[in-house]
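Enquirer: Below is the structure I would like to discuss, written out as structure tokens.
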Amino acid sequence: MKLSGLFRSFTKFEWFLWLGSLVTVVCAYAFSSDGEILSLVASLVGVTALIFVAKGKVLGQVLCVVFSVFYGIVSFFSRYYGEMITYLGMSAPIAVVSVVTWLKNPSRENSGEVKVNTLRGREYFGLTLAGLAVTAAFYFLLKAFDTDRLAVSTLSVLTSFLAAYLTMRRSEYYALAYAANDVVLIVLWVLASLRVPGRLPMVACFLAFLANDIYGFVNWLKMKKRQQSGSRFSLPEEGKAPQTAQGQ
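Heads up, the sequence shown stops at 271 in this note's numbering, and the numbers go up one at a time, no gaps.
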């Protein structure tokens, strides 16, 4: 699908959400006395990525890779090494894998939209154990790097890991995990902006992220319901009426 076609698929609400997110970020940058251009660029790329992820478009994952690089650099200069390591060493690589998995699993009804997956309980259990293990390992690593706001940074690692994995596995619950991560990061960057006002655009960025992720969860629930409803019917052969999956 061409880029123009992607934008034409936006609903009125999605246009409002995306443009409102961009305006929020730009205004935060404009009103910050020493706003940093890299924070602004990272935020603009990030909110654009999320609206496409919310729509189940692969472009969203591509932009997530770009955002992770910019965000990792901003985090480095803020001495939030946990954020830097998480996004450059985990979120970016998983987003690359997500591009591949999303391309391999398009919706039957709309090839430009990813097929929403249903995970089993044992996978959620394994994910929880893996998340706790990763978080524990990162805690000691971040402590060794003398990371600012160690407790909050460690919590961010956990929520980021869960969100990135669920995104790769095409679960609608990715959005809830990212929403939790957004709340953690809002706190983290508010604390940073008290020290360096130029970090204020990152606060606006994650406020916009929170709105987009809430919408993403709602929209993915709709996508899943629509896809499951459509999968009950097979595509008709020429000259034949469609049959249900049971009747085939």
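Cβ coordinates follow ideal geometry from the N, Cα and C atoms, glycine included.
Model, not experiment: these values are computed from the prediction.
What are the boundary residues of the alpha helix (DSSP H) that I166 is part of?
Expert: The displayed chain sequence assigns Lys, not Ile, to residue 166. Unbroken alpha helix (DSSP H) run through K166: 144 to 167.
Enquirer: Could you tell me the distance, in whole angstroms, from the CA atom of A65 to the CA atom of R193?
Expert: Using only the alpha carbons, I get a separation of about 24 Å.
Enquirer: For K166, does the count of other Cβ atoms within 10 angstroms reach 16, so buried, or fall short, so exposed?
Expert: exposed
Enquirer: With DSSP as the reference, please indicate the residues paired to P129 in a beta bridge.
Expert: V137
Enquirer: Which value, in whole angstroms, describes the spacing of the CA atoms of A160 and V119?
Expert: Between the C-alpha atoms of A160 and V119 there is a straight-line separation of about 23 Å.
Enquirer: Can you name the start and end residues of the alpha helix (DSSP H) that V206 belongs to?
Expert: 197 to 218
Enquirer: Please say whether Y201 and D236 have beta carbons closer to each other than 7 Å?
Expert: yes
Enquirer: What does the alpha-carbon distance come out to for the pair L126 and G79?
Expert: 11 Å
Enquirer: If you check the beta carbons only, do V180 and T158 fall under 7 Å apart?
Expert: Closer than 7 Å, so yes.
Enquirer: Identify, in the order they occur along the chain, each residue of the same chain with its Cβ nearer than 7 Å to the Cβ of L82, setting aside the five sequence neighbours on each side.
Expert: L29, F75
Enquirer: For L63, which residues from the same chain have a beta carbon less than 8 Å from its beta carbon, with the 5 sequence-adjacent residues on both sides left out?
Expert: V48, V49, Y52, P224
Enquirer: Do S45 and V68 have their CB atoms nearer than 7 Å?
Expert: The amino acid at residue 45 is misidentified as Ser; the sequence shows Leu. It is not a contact, given that the beta carbons lie outside the stated cut-off.
Enquirer: Quick test of your reading: T182 and A203, contact by CB under 8 Å. State the CB separation rounded to the nearest angstrom.
Expert: 5 Å
Enquirer: How would you call Q251, buried or exposed, if buried means at least 16 neighbouring beta carbons within 10 angstroms?
Expert: exposed
Enquirer: In terms of residue numbering, what span does the alpha helix (DSSP H) encompassing K245 cover?
Expert: 223 to 253
Enquirer: Classify T170 as buried or exposed, calling it buried when 16 or more other Cβ atoms lie within 10 Å of its own Cβ.
Expert: buried
Enquirer: Output yes or no for whether 7 Å exceeds the beta carbon distance between A198 and F240.
Expert: yes
Enquirer: Going straight from the alpha carbon of F163 to that of G135, what length do you get?
Expert: Their backbone Cα atoms lie some 42 Å apart in a straight line.
Enquirer: Along the chain, where does the alpha helix (DSSP H) that runs through K35 open and close?
Expert: 35 to 54
Enquirer: So what does DSSP say about G270, is it helix, strand or coil?
Expert: Note that G270 has pLDDT 39, beneath the 50 cutoff, so the model's placement of it is unreliable and no number is given.
Enquirer: Which same chain residues end up closer than 6 Å to A227 when comparing Cβ atoms and leaving out the 5 residues on each side of it in sequence?
Expert: T47, V48, A51
Enquirer: Would E132 be called buried (16 or more neighbouring beta carbons within 10 Å of its own) or exposed?
Expert: exposed
Enquirer: Around the C-beta of F289, are 16 or more other C-beta atoms found within 10 angstroms, so that it is buried, or is it exposed?
Expert: Missing from the structure shown is residue 289; the chain here goes from 24 to 271 and no further.
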